[in-house]
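The block underneath contains the structure these notes are about, expressed in structure tokens.
There are 4 protein chains.
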Amino acid sequence: MTVQLGAFYLFPLFMAGFVQTNSNLEKMDCYKDVTGTIYDYDAFTLNGNEHIQFKQYAGKHVLFVNVATYCGLTAQYPELNTLQEELKPFGLVVLGFPCNQFGKQEPGENSEILLGLKYVRPGGGYVPNFQLFEKGDVNGEKEQKVFTFLKHSCPHPSELIGSIGYISWEPIRVHDIRWNFEKFLVGPDGVPVMRWVHETPISTVKSDILAYLKQFKTE
Amino acid sequence: MTVQLGAFYLFPLFMAGFVQTNSNLEKMDCYKDVTGTIYDYDAFTLNGNEHIQFKQYAGKHVLFVNVATYCGLTAQYPELNTLQEELKPFGLVVLGFPCNQFGKQEPGENSEILLGLKYVRPGGGYVPNFQLFEKGDVNGEKEQKVFTFLKHSCPHPSELIGSIGYISWEPIRVHDIRWNFEKFLVGPDGVPVMRWVHETPISTVKSDILAYLKQFKTE
Amino acid sequence: MTVQLGAFYLFPLFMAGFVQTNSNLEKMDCYKDVTGTIYDYDAFTLNGNEHIQFKQYAGKHVLFVNVATYCGLTAQYPELNTLQEELKPFGLVVLGFPCNQFGKQEPGENSEILLGLKYVRPGGGYVPNFQLFEKGDVNGEKEQKVFTFLKHSCPHPSELIGSIGYISWEPIRVHDIRWNFEKFLVGPDGVPVMRWVHETPISTVKSDILAYLKQFKTE
Amino acid sequence: MTVQLGAFYLFPLFMAGFVQTNSNLEKMDCYKDVTGTIYDYDAFTLNGNEHIQFKQYAGKHVLFVNVATYCGLTAQYPELNTLQEELKPFGLVVLGFPCNQFGKQEPGENSEILLGLKYVRPGGGYVPNFQLFEKGDVNGEKEQKVFTFLKHSCPHPSELIGSIGYISWEPIRVHDIRWNFEKFLVGPDGVPVMRWVHETPISTVKSDILAYLKQFKTE
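Chains as they are written, first to last, in the numbering used here: chain U, -13 to 205; chain L, -13 to 205; chain B, -13 to 205; chain X, -13 to 205.
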């Protein structure tokens, strides 16, 4: 099932000034020879009620984000809401994965995470408009399998991996996620397309996605 | 100025079944030859507005507690409210010191801590009825001076200090605080009287304080 | 079986100028209520050929030392030789336990340790004139049982335990050995008598032992 | 000054059975667009007497190796002697850099390293027939500049970087050297040509160098 994008939807957004095209240094195109798709993997929703097979997102453009409540980048959460809203018509689905491996900035239980987002940080009643999954590892021995697949389908994000004081997983690998709020875009066929470092502004992520959608449209 | 305790106030509480006397192993009587008092020290209130000199608590029985929002013992917070309420008439003042050194379970900024307590953990609208101070260290090179004084005025709480994965201070010392929610009782003369390990139930802390107040009264 | 000490042997040594009596701060008298003896424990000799039951030292005054080749204190090795030689007539037996837990300064295999001492540090053909045992842990989960017994039979040596960069055992305990070359003296009944911090000069250890032997003699 | 290689010297070695060509997975060809050469860097010899500018090796094929005495791979030392001897006629110069960053397996002082090699490991009177330099870092904030240049001139050697227990440098980077005995071959123009992981047998390193020399000869 492929997503039909009306070019005329894309163009206004592309030009609407929401989009600052940063250098591609931050965007990494994933490898061309990836075998397998995200459809081989699954996860429990944050409230533990639903076991979601990622193949349910076949045909969608899925943005995987490892998130945390008490991070200096937690302000990206509301921006992800905006991104989800704006690009939903184009088949974008944002998925959030709380993780406590980066400076232990997601200390809450699954049942506490939405409360923390709503009342503490970003606070002000914030509620994600995209699916969050159960807290889990994205690096190291107990990393969630979908993140093993995503990480090794794309170039590593930076020469710097981190400092021992903030690394709480074993072993340390080149393709490890560097910090909260790294992002992977997966195409409608379940194959990873792009990866962004955590500091990449959402606006850049958005413009990269729009450019990709446009190109996807013409192809 | 010494606190006049009506023995008849103490006795009912002592017997009222709220009190389970645990073995004294958990309570440690501080050293008799302590020099100096807490009145030499000070701290900023959690909101940063007030610089409090601890000598303002002269004549009070002050309970110092290092606290954290996302700790397995955070349920002690409401119990500390009850303790403060019940023993306020006897001159007890509870003081809370948020600290992120134990498993990094206090990741929030000062401005976020009360929100986390109110809405996330313990949540349910909880508001401490005692003073909280600015987040700070209680162990290691940058430990708050009052905690240096408190720790070295009393025996260390346990043979086990901890595991490297959860110790995020330097250097490691015998008298270091072991985890969130350790407690020190300071007498009305500013001299430390008792120290409890973090796991000590508040009910035991209460009965120890009542026994101490009773003895203090008769002396 | 008690060691008969000729007082006249002790006195000249005591006065011979080899002995500088340092403050007792460095010496710690072990606890009086110790149960058990070193005779419950054993170890393999460095070359692995012999399994030594410590009860074979019944009647002797045994000095346990955790040693390392590449330590700033390795110069104590030749001084331990001198100590063994001088106090052998009085029943002193020095036992060395190579250990790699302090800054990883004993990296060699058992078969390499004597070579390292002889040719590298202290070098110059040095050969210990006392028994060395197989390399093993003295702190943490896999610590040798005799060191668990020794450590908990005596006060801990210092408030400072160490810095995380140099601590490679789990968990961290108050009575842990602080560095290479700590020493425990055990009486002829197998019960620990004294403990010294690593920096204590051997001359001080010697004078403390002589004073103890003298007292032991009169008692 | 370029090295004239008599093809007839290369061919017999290439075929002489000393050479097992392993998969190139272990060999990494350095980047083509490297700017700068090793000639911009220098180091002090192990005994501290000589300050060597690497430009003195212009025209030579230089093999940089970070070494350690108490490593499971220290047996590569005698093999490096053989390599130096066999390929000296073809302009190969082996340079060894003792480093204590991998499991702290080079604890000795500069003055002790040759003693350790000669009498302990590999022992048996072993003396390197190639230049050793002063002990120093090859990763992290204080890494020697020549290793910064070498590491970033070639692909990183493996996805696995290591486990926190054995990493004693900050920060951790993708191109960091993984363990003792990694190797870099630098051409006669001072530009890095090849990099090998630490486990690569010296025989493979040799056959890779011979193949390179042969190709270098024909070009």
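Where is the CB? At the ideal position from N, CA and C, for every residue including glycine. Note that the structure is a prediction, hence the values are computed from the model and not measured.
- Interface flag, B/G94 vs chain X, CB-CB below 7 Å: So yes, B/G94 belongs to the interface.
- Query: Out of curiosity, what's the CA-to-CA distance linking X/R107 and X/E98?
  - Reply: 12 Å
- Excluding the five sequence neighbours on either side, which residues of its own chain have a C-beta within less than 6 Å of the C-beta of B/Q39, listed in chain order? D28
- Message: DSSP has L/K169 in a bridge; who is on the other side?
- Response: Answer is L/V51 and L/W182, bridged to L/K169.
- Item | Under 9 Å by beta carbon: chain X residues contacting U/L66 | The premise fails here: U/L66 is roughly 27 Å from chain X at the closest Cβ pair, so nothing lies under 9 Å.
- State the Cα-Cα distance for the pair L/L210 and L/K74, rounded to the nearest angstrom. Residue numbering for chain L in the displayed model covers -13 to 205; residue 210 of chain L lies beyond these limits and cannot be assessed.
- Listed from N- to C-terminal order along the chain, which residues in the stretch 105 to 138 of chain U have their beta-carbon within a distance smaller than 7 Å of any beta-carbon of chain L? Going along the stretch 105 to 138 of chain U in chain order, one finds Y105, V106, R107 and G109 with a Cβ nearer than 7 Å to chain L.
- Query: Tell me which same chain residues have a C-beta within less than 6 Å of the C-beta of U/L78, skipping the five on either side of it?
  - Reply: H47
- Message: Run through chain U and tell me which residues come within less than 7 Å of L/E98, C-beta to C-beta.
- Response: Here the neighbours are V106 and R107.
- Message: Looking at L/N52: is its Cβ nearer than 7 Å to the Cβ of L/C85?
- Response: Taking 7 Å as the Cβ cut-off, L/N52 and L/C85 qualify as a contacting pair.
- May I have a chain-ordered list of the beta strand (DSSP E) segments no shorter than 3 residues that lie completely inside the stretch 104 to 169 of chain B? 146 to 148
- Give me the Cβ distance between B/D194 and B/M180, rounded to the nearest whole Å; I'm assuming they're in contact under 8 Å. 6 Å
- With DSSP as the reference, label B/Q39 as helix, strand or coil. strand
- Query: Any idea if B/A54 is buried or exposed, counting beta-carbon neighbours within 10 angstroms, 16 or more meaning buried?
  - Reply: buried
- Query: Do the stretch 183 to 197 of chain B and the stretch 54 to 72 of chain B make contact, defined as three or more Cβ pairs closer than 8 Å?
  - Reply: yes
- Query: Is L/L32 closer than 7 Å to L/L118 when the C-beta atoms are compared?
  - Reply: yes
- Item | Cα-Cα separation, X/F167 to B/F202 | About 56 Å.
- Query: Hey, would you say X/Q91 sits closer than 7 Å to X/Y56, going by beta carbons?
  - Reply: yes
- Does the beta carbon of B/V20 come closer than 7 Å to any beta carbon on chain L? no
- Would you kindly work out how many angstroms separate the C-alpha atoms of X/P93 and X/V177, rounded to a whole number? 31 Å
- Count the other CB atoms within 10 Å of the CB of X/I24; is the residue buried (16 or more) or exposed (fewer)? buried
- Message: Please confirm whether B/V51 has its beta-carbon closer than 7 Å to some beta-carbon of chain L.
- Response: So no, B/V51 is outside the interface.
- Give the secondary structure of B/V191 by DSSP, where H, G and I count as helix, E and B as strand, and everything else as coil. helix
- Could you list the residues in the stretch 143 to 172 of chain U with a C-beta less than 7 Å from some C-beta on chain X, going in chain order? From the stretch 143 to 172 of chain U, only E145, L146, I147, G148, S149, I150, I153, E156, P157, I158, R159, V160 and H161 have a Cβ closer than 7 Å to chain X.
- Task: Kindly identify the DSSP beta-bridge partner or partners of U/V79.
- Result: U/V48
- From the DSSP output, which residues share a beta bridge with X/F30? X/H37
- With DSSP as the reference, label B/K13 as helix, strand or coil. strand
- Task: Under 9 Å between beta-carbons, which chain L residues line up against U/Q91? List them in chain order, please.
- Result: K90 and P93
- Rounded to whole angstroms, what's the CA-CA distance from X/G(-8) to X/V80? Just pull it up for me. Legend: pLDDT at X/G(-8) = 43, less than 50; position of this residue unreliable, value from coordinates given subsequently. Using only the alpha carbons, I get a separation of about 21 Å.
- Contact check, B/V183 vs L/E145, beta carbons under 7 Å: Not in contact: B/V183 and L/E145 (Cβ atoms no closer than 7 Å).
- Where L/L69 and L/A197 are concerned, what is the direct C-alpha to C-alpha distance, given to the nearest angstrom? 14 Å
- Message: Measuring only the C-alpha atoms, how far is B/G151 from U/H37?
- Response: Roughly 42 Å between the two C-alpha positions.
- At least one CB of chain X closer than 7 Å to the CB of B/G102: is that the case? yes
- Task: Determine the extent of the alpha helix (DSSP H) in which U/I24 is found, giving its start and end residues.
- Result: Per DSSP, U/I24 belongs to no alpha helix (DSSP H) and is neither H nor E.
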